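In this note's numbering, the protein residues as written are 403 to 516. Ideal placement from N, C-alpha and C gives every residue a C-beta, glycine not left out. What you are looking at is a predicted structure, and each value in this text was computed from that prediction instead of being measured.
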Amino acid sequence: MNAPDFAARWIADWNAHDLEAVLAHYAADVDFRSPKVARFTGGAKDRFAAREDLRPYFSRAFDLRPDLRFDLAHVCTDGAGMALVYANELGETAVETMDLNEAGEIVRARVFYG
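See the structure below:
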């Protein structure tokens with residue numbers, strides 16, 4: 403998997419607000435961790451363990467922030483995955499680590515906010 407190409411597609415799909423395309427980047431049994439998950443679930447969860455759990459979470463992001471946009475700053479990679487450094491439309495920085503399976507789907511993601 404070419405990390406810069408994957409990152410460019412991932413960013414483009416988010417910026418297009420294409421929910422189905424964004425979800426297609428994630429494996430069905432993805433382990434997704436973000437501090438915003440607890441806020442979304444009222445503290446009931448700190449992570450999601452399935453792609454379908456991401457659907458309402460990502461959909462809400464698009465609904466709440468119609469101008470949502472990510473600008474990719476840097477891609478770091480190792481043999482199993484990558485870390486994307488990006489800023490949103492508010493100028494906030496995030497780092498998202500992603501481990502990929504052989505099909506090029508994200509199986510583990512962890513988001514850090516600056």
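In its own chain, which residues sit with a C-beta less than 7 Å from the C-beta of residue i, not counting the 5 before and 5 after it?
| i | result |
| --- | --- |
| Pro-406 | Val-477 |
Just the C-alpha distance for residue i and residue j, rounded to the nearest angstrom, thanks.
| i | j | result |
| --- | --- | --- |
| Leu-502 | Ala-409 | 12 Å |
| Leu-492 | Phe-514 | 16 Å |
| Pro-458 | Trp-416 | 15 Å |
| Val-401 | Ala-485 | Here the chain has residues from 403 to 516 only, and residue 401 is not among them. |
| Ala-418 | Leu-470 | 9 Å |
| Ala-423 | Asp-455 | 15 Å |
| Asp-480 | Asn-404 | 11 Å |
| Met-500 | Arg-435 | 11 Å |
| Arg-462 | Ala-505 | 27 Å |
Name the one or two DSSP bridge partners that residue i has.
| i | result |
| --- | --- |
| Leu-492 | In the DSSP output, where bridge partners are listed per residue, Leu-492 has none listed. |
| Val-513 | Glu-498 |
| Arg-449 | Arg-435 |
| Gly-483 | Asp-501 |
| His-476 | Val-487 |
| Ile-508 | Tyr-428, Leu-502 |
Would the beta-carbon of residue i fall within 9 Å of that of residue j?
| i | j | result |
| --- | --- | --- |
| Leu-425 | Arg-453 | yes |
| Phe-472 | Ala-489 | yes |
| Glu-507 | Ala-429 | yes |
| Phe-460 | Leu-421 | yes |
If distances are taken between C-alpha atoms only, which option among the options comes closest to residue i?
| i | options | result |
| --- | --- | --- |
| Arg-433 | His-419, Asp-448, Glu-422 | Per the sequence shown, the amino acid found at residue 433 is Asp instead of Arg. Of His-419, Asp-448, Glu-422, the residue nearest in Cα terms is Asp-448. |
| Pro-437 | Ile-413, Val-509, Ala-446, Asp-431 | Ala-446 |
| Gly-483 | Ser-461, Thr-495, Ala-496, Ala-511 | Ala-511 |
Can you list, in chain order, the residues of its chain with a C-beta nearer than 6 Å to that of residue i? Leave out the 5 residues immediately preceding and following it.
| i | result |
| --- | --- |
| Trp-412 | His-427 |
Leaving out five residues before and five after residue i in sequence, what residues of the same chain have Cβ atoms less than 8 Å from its Cβ?
| i | result |
| --- | --- |
| Val-487 | Leu-474, Ala-475, His-476, Val-477, Cys-478, Thr-495, Ala-496, Val-497 |
Is any heavy atom of the ligand MN found at a distance shorter than 8 Å from the C-beta of residue i?
| i | result |
| --- | --- |
| Ala-475 | In terms of ligand content, the structure shown is empty, and the ligand MN therefore cannot be addressed. |
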